[in-house]
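Undergrad: What follows is a single structure, and I will ask about it in a moment.
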Amino acid sequence: MQKVALVTGSGQGIGKAIALRLVKDGFAVAIADYNEETAKAVADEITRNGGRAVAVKVDVSDRDQVFAAVEKARTALGGFNVIVNNAGVAPSTPIESITPEIVDKVYNINVKGVIWGMQAAIDAFRKEGHGGKIINACSQAGHTGNPELAVYSSSKFAVRGLTQTAARDLAPLGITVNAYCPGIVKTPMWEEIDRQVSEAAGKPLGYGTETFAKRITLGRLSEPEDVAACVSYLAGPDSDYMTGQSLLIDGGMVFN
Numbered sequence: 002m003q004k005v006a007l008v009t010g011s012g013q014g015i016g017k018a019i020a021l022r023l024v025k026d027g028f029a030v031a032i033a034d035y036n037e038e039t040a041k042a043v044a045d046e047i048t049r050n051g052g053r054a055v056a057v058k059v060d061v062s063d064r065d066q067v068f069a070a071v072e073k074a075r076t077a078l079g080g081f082n083v084i085v086n087n088a089g090v091a092p093s094t095p096i097e098s099i100t101p102e103i104v105d106k107v108y109n110i111n112v113k114g115v116i117w118g119m120q121a122a123i124d125a126f127r128k129e130g131h132g133g134k135i136i137n138a139c140s141q142a143g144h145t146g147n148p149e150l151a152v153y154s155s156s157k158f159a160v161r162g163l164t165q166t167a168a169r170d171l172a173p174l175g176i177t178v179n180a181y182c183p184g185i186v187k188t189p190m191w192e193e194i195d196r197q198v199s200e201a202a203g204k205p206l207g208y209g210t211e212t213f214a215k216r217i218t219l220g221r222l223s224e225p226e227d228v229a230a231c232v233s234y235l236a237g238p239d240s241d242y243m244t245g246q247s248l249l250i251d252g253g254m255v256f257n
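Under our numbering, the residue at position 183 of the sequence shown is numbered 184, and the numbers go up by one with no gaps.
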């Protein structure tokens, strides 16, 4: 029987690459995104190429919407096995510029979105009568604090803690919980981080990328497909004996 996955934030960037890789791995995939048009475009691309996909509009900060999205994936695609809580935002936030509004937005999406996704997945696994895999988006910034990214970094530290705690809590249900931790990835989100960091420093575009890229041991920025390959492993049977881990896929920015 074909396995089913839902990937949040999969209308573009890393999420899209993850969805396409999971289809290649044999999954039917729910493309869940705040932007309904991009979600439909990715789902259409998959179906045109012979895969099975459904587009779902979702605001991951809204618990009810997340539960509804997972239920749509389960009923439309005929099961539920994996959730990838990929959606996230990463505004530049020098300490003195942090506002309540920025904290609420980042934590509502990056942290609460992961919690709601985990809860919805547990509910779906129970309905299907089996365990499953929960995969959360962390970051190398969830292993070491990054300059100008205090709110984002702290939200990803929270995701790493949630991943570890949930892994212990859910093991008796046959559910594994792991996370992937990208570094600098060529995506629209990174372009926006570069713009904000460069402007805050009074430097031309590219300054932020150049500053962070100096820390990459392998000497190149990541492609979304690099991250998707890591998630493919976490979603597949080869990772069945792994839980509570946050895998760095950052080209060697952080060493543990």
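Built from N, CA and C at the ideal position, the CB exists for glycine as well.
Bear in mind that the values here come from a model prediction, so they are computed numbers and not experimental data.
Is glycine 10 buried or exposed, if buried means 16 or more other CB atoms sit within 10 Å of its CB?
TA: So glycine 10 ends up on the buried side.
Undergrad: Given this structure, state the Cα-to-Cα distance separating alanine 69 from isoleucine 84, to the nearest angstrom.
TA: Approximately 13 Å between the Cα atoms of the pair.
Undergrad: How long is the line joining the alpha carbons of arginine 169 and valine 178, rounded to whole angstroms?
TA: Arginine 169 and valine 178: Cα-Cα distance of roughly 9 Å.
Undergrad: Between isoleucine 176 and glutamate 129, what straight-line distance do the alpha-carbon atoms span, to the nearest angstrom?
TA: Rounded to whole angstroms, isoleucine 176 to glutamate 129 spans 13 Å at the Cα level.
Undergrad: State the DSSP-derived secondary structure class of cysteine 139, mapped to helix, strand or coil.
TA: Three-state result, cysteine 139: coil.
Undergrad: Classify tyrosine 181 as buried or exposed, calling it buried when 16 or more other Cβ atoms lie within 10 Å of its own Cβ.
TA: Buried, by the Cβ-count rule.
Undergrad: Assign glutamine 3 to buried or exposed, taking buried as 16 or more other Cβ atoms, counted over all protein chains shown, within 10 Å of its Cβ.
TA: It is exposed - the Cβ of glutamine 3 has fewer than 16 other Cβ atoms within 10 Å.
Undergrad: If I follow the unbroken alpha helix (DSSP H) through serine 233, where does it start and stop?
TA: Counting along the chain, the alpha helix (DSSP H) containing serine 233 begins and ends at 225-236.
Undergrad: With a threshold of 16 other CB atoms inside 10 Å of the CB of arginine 49, please say whether the residue is buried or exposed.
TA: Label assigned to arginine 49: exposed.
Undergrad: Do you know offhand how far leucine 21's Cα is from alanine 230's?
TA: Each residue's alpha carbon lies about 10 Å from the other.
Undergrad: Tell me which same chain residues have a C-beta within less than 7 Å of the C-beta of lysine 106, skipping the five on either side of it?
TA: So the qualifying residues of the chain are Val90.
Undergrad: Is the segment 119-134 touching the segment 202-209, taking contact as three or more C-beta pairs under 8 Å?
TA: The answer is no - the segment 202-209 does not touch the segment 119-134, with fewer than three Cβ pairs under 8 Å.
Undergrad: Between Ala172, Leu150, Ala142, which lies nearest to phenylalanine 158 when the distance is taken from Cα to Cα?
TA: For phenylalanine 158, the nearest C-alpha among the options comes from Ala142.
Undergrad: Is the beta carbon of glycine 27 less than 8 Å from the beta carbon of proline 225?
TA: No, Cβ-Cβ distance for glycine 27 and proline 225 is not below 8 Å.
Undergrad: Which residues in the same chain as lysine 103 place their Cβ atom closer than 7 Å to its Cβ, once the five residues preceding and following it in sequence are excluded?
TA: Going by the sequence as given, residue 103 is isoleucine instead of lysine. Excluding sequence neighbours, isoleucine 103 sits near Pro92, Thr94, Val152.
Undergrad: Please list the terminal residues of the continuous beta strand (DSSP E) segment that includes tyrosine 181.
TA: Counting along the chain, the beta strand (DSSP E) containing tyrosine 181 begins and ends at 176-183.
Undergrad: Leaving aside the five residues before and after glycine 245 along the sequence, list all residues of the same chain whose C-beta is less than 6 Å from its C-beta, in chain order.
TA: Excluding sequence neighbours, glycine 245 sits near Gln165, Ala168.
Undergrad: Please report the straight-line C-alpha distance between methionine 190 and tyrosine 35, rounded to a whole angstrom.
TA: Cα to Cα, the separation comes out at about 14 Å.
Undergrad: Roughly how many whole angstroms lie between the Cα atoms of tyrosine 234 and lysine 58?
TA: Between tyrosine 234 and lysine 58, the C-alpha separation is close to 26 Å.
Undergrad: What residue range is occupied by the uninterrupted alpha helix (DSSP H) comprising lysine 58?
TA: From DSSP, lysine 58 is part of no alpha helix (DSSP H) but of the beta strand (DSSP E) over 54-58.
Undergrad: Measuring CB to CB, does glycine 12 end up less than 8 Å from valine 55?
TA: The answer is no: Cβ separation not under 8 Å.
Undergrad: Under a three-way DSSP split, which group does threonine 94 fall into?
TA: Strand, per DSSP.
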